[in-house]
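Going down the list, the protein sequences come from chains P and Y.
Quick note on numbering: the numbering used here labels position 193 of the first sequence as 554, and the sequence is numbered without any gaps.
Quick note on numbering: the numbering used here labels position 73 of the second sequence as 342, and the sequence is numbered without any gaps.
One structure below.
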Amino acid sequence: METLEQIKARIEVAIPGASATIIPNDSPSAQRSLLVDCGHGLAVAKFLRDDAELKLDYCSNATGVDWPEAELTEKFKVKQVVDGVEKEVEELKKTLRPGYLEAVYHLYSMAKKHGPVIIRLRTENRTDKNHLPSLTPVWRGCEFQEREIFDLYGIVFDGHPDLRRILMWDGFKDFPMRRDYVEPDDYEYEPTPHDDVLLKSKQHGEQESKV
Amino acid sequence: MDEGLKSELQKQGVFTTTLESLYNWGRLNSVWPLQFGLACCAIEMIATTMARYDLARFGAEVFRPSPRQADLMIVAGTVTKKMAPQVVRLYNQMGEPKYVIAMGACAISGGPFKQGYNVLKGIDRYIPVDVHIPGCPPRPEALIHAFMTLQQKISDQRLTGAQRPRHLNADAQSEFPVPKFGEHDLEPASNADVWSAPAFVR
Numbered sequence: 362m363e364t365l366e367q368i369k370a371r372i373e374v375a376i377p378g379a380s381a382t383i384i385p386n387d388s389p390s391a392q393r394s395l396l397v398d399c400g401h402g403l404a405v406a407k408f409l410r411d412d413a414e415l416k417l418d419y420c421s422n423a424t425g426v427d428w429p430e431a432e433l434t435e436k437f438k439v440k441q442v443v444d445g446v447e448k449e450v451e452e453l454k455k456t457l458r459p460g461y462l463e464a465v466y467h468l469y470s471m472a473k474k475h476g477p478v479i480i481r482l483r484t485e486n487r488t489d490k491n492h493l494p495s496l497t498p499v500w501r502g503c504e505f506q507e508r509e510i511f512d513l514y515g516i517v518f519d520g521h522p523d524l525r526r527i528l529m530w531d532g533f534k535d536f537p538m539r540r541d542y543v544e545p546d547d548y549e550y551e552p553t554p555h556d557d558v559l560l561k562s563k564q565h566g567e568q569e570s571k572v
Numbered sequence: 270m271d272e273g274l275k276s277e278l279q280k281q282g283v284f285t286t287t288l289e290s291l292y293n294w295g296r297l298n299s300v301w302p303l304q305f306g307l308a309c310c311a312i313e314m315i316a317t318t319m320a321r322y323d324l325a326r327f328g329a330e331v332f333r334p335s336p337r338q339a340d341l342m343i344v345a346g347t348v349t350k351k352m353a354p355q356v357v358r359l360y361n362q363m364g365e366p367k368y369v370i371a372m373g374a375c376a377i378s379g380g381p382f383k384q385g386y387n388v389l390k391g392i393d394r395y396i397p398v399d400v401h402i403p404g405c406p407p408r409p410e411a412l413i414h415a416f417m418t419l420q421q422k423i424s425d426q427r428l429t430g431a432q433r434p435r436h437l438n439a440d441a442q443s444e445f446p447v448p449k450f451g452e453h454d455l456e457p458a459s460n461a462d463v464w465s466a467p468a469f470v471r
């Protein structure tokens, strides 16, 4: 299979205006992915499916990722002259990363027996601009998985044939897989609470003692 | 009746019993479960009814597909919050006398999904449960043990007096409120008449 760089270059040639970014992966798997701009998401998906070289005809998995707003700290070394001697000094740079939601698609080719190519689509923010193009018209198997992403992360897929909640009921308002989801306080006695459960039991205990 | 007199009469070929024990004996040997499974525990429940474990020995081989014909609800598996109203509704549709076995870790407490957002933390929050079986999933022997425990419970029921079972007490509640789908959780989150949270000790 072509490398991700080659695929990226061919996408940008084939679809005018489309931009793709390679997202590095520091984990041991080093499985990199391709961030596609959501305006051209559908066209890129069609290209990946129909291209003679790639023929990515099978979407094995679609999932969501929630990236809440975060303060990123970067360390970098700066050369400074301290008391007439040049020294390397570490400086911290803080940047505020806005929150966004991502849909991740794992693509394989049944015809060419290769894969995966991982593409990501990113929303502008987590509240009102949470729309992405649905890839169900390209890979039919995405239908339920996109419904699940809609249900648990709150990404609205434009062009989806039947976008409803799938695991939770229709009147449900929250998105349970988001990082800031607050679950209802129905804590019950645990014989050996630990970690998050211990925290929860303490909070619950404080509330009980207030009442 | 005096036990000594009873055995003396039996030696003479006279069999005596009470209406109560005859009535209960008949009931406990034909408890028909509702044919209804929710998750992997249902597979163990099916195994229990098959030849190797043979629940038919206890008179419970007839799994009824209709709640109107069932006496026993075996809640076999994970009760999700989306499924909980249907489980309560099925229970309400069963005719008295009716019994509930909560089978497995999920049905009794939420089990491995207890800290999750979509699983009910035990069906005993909404309906009265007669026998709880722990296990993930419980072996068929455990279900048979629960069934025998239930039979013991039925045979101990008095037909008169304040302790009489629900189906002989016209004032007793036999339908339980079905929870509604709320915006964040089921409403109410539990039925206070049948369940209260264990006391916080620490």
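From the three backbone atoms N, C-alpha and C, an ideal C-beta is built for every residue, glycine too.
All of these numbers come straight from a predicted model, not from anything done at the bench.
Taking C-alpha positions only, GLU449 (chain P) is separated from LYS455 (chain P) by approximately 19 Å. Contact of TYR514 (chain P) with chain Y is not assigned, every C-beta pair being separated by 8 Å or more. When the alpha-carbon of SER421 (chain P) is set against those of P:ASP541, P:ASP512 and P:ARG501, the nearest one is in P:ARG501.
Neighbourhood of VAL558 (chain P) in chain Y, by CB distance below 7 Å: GLN384, in chain order.
When secondary structure is reduced to three states using DSSP, GLU452 (chain P) falls in the strand class. Chain P places a beta carbon closer than 8 Å to that of PRO467 (chain Y), counting this residue as a contact. Using a C-beta cut-off of 8 Å, the region 467-478 of chain P makes contact with the region 409-418 of chain P, since at least three inter-stretch Cβ pairs fall below that distance. Two segments are said to touch when three or more pairs of C-beta atoms, one from each, lie closer than 8 Å; by this definition the region 437-452 of chain Y does not touch the region 286-304 of chain Y. Beta-carbon to beta-carbon, ALA325 (chain Y) and VAL300 (chain Y) are separated by about 12 Å, too far to satisfy the 8 Å threshold. Taking a cut-off of 8 Å for Cβ pairs, the region 511-524 of chain P and the region 419-435 of chain Y do not touch, as fewer than three such pairs fall below it. TYR550 (chain P) belongs to the set of residues whose beta carbon lies under 8 Å from a beta carbon in chain Y. Between ASP427 (chain P) and LEU493 (chain P), the alpha-carbon positions lie close to 14 Å from each other. Taking a C-beta distance under 8 Å as the contact criterion, TYR368 (chain Y) and PHE445 (chain Y) do not qualify as a contact pair. Judged by beta-carbon spacing, PRO409 (chain Y) lies beyond the 8 Å limit of TYR292 (chain Y), meaning their Cβ atoms are not closer than that value.
As a beta-bridge residue in DSSP terms, HIS467 (chain P) pairs with P:ASN422 and P:ILE479.
Following the DSSP letters along the chain, one finds HIS414 (chain Y) inside the alpha helix (DSSP H) bounded by residues 409-424. Per DSSP, reduced to three states, the secondary structure at VAL356 (chain Y) is helical.
Y:PRO366 is the residue among Y:THR418, Y:PHE382, Y:ALA339 and Y:PRO366 whose C-alpha sits nearest the C-alpha of ARG433 (chain Y). If you ignore the 5 residues before and after ASP393 (chain Y), its C-beta comes within less than 6 Å of the C-beta of TRP464, all in its own chain and listed in chain order.
Beta-bridge partners assigned by DSSP to GLY306 (chain Y): Y:ALA345. Listed in chain order, the beta strand (DSSP E) elements of length 3 or more contained wholly in the region 534-562 of chain P amount to none. Within the same chain, and ignoring the five residues on either side of LYS407 (chain P) in sequence, the residues whose Cβ sits closer than 8 Å to its Cβ are VAL499. Under the three-state reduction of DSSP output, THR286 (chain Y) falls in the coil class, being neither helix nor strand.
By the criterion of a C-beta distance shorter than 7 Å, GLY404 (chain Y) is surrounded in its chain by GLY373, ALA374 and ALA411, once the five residues flanking it on both sides are discounted.
For GLU432 (chain P), the pairing in a beta bridge is given by DSSP as P:LEU457.
Our two residues, PHE511 (chain P) and GLU289 (chain Y), have alpha carbons roughly 58 Å apart in a direct line.
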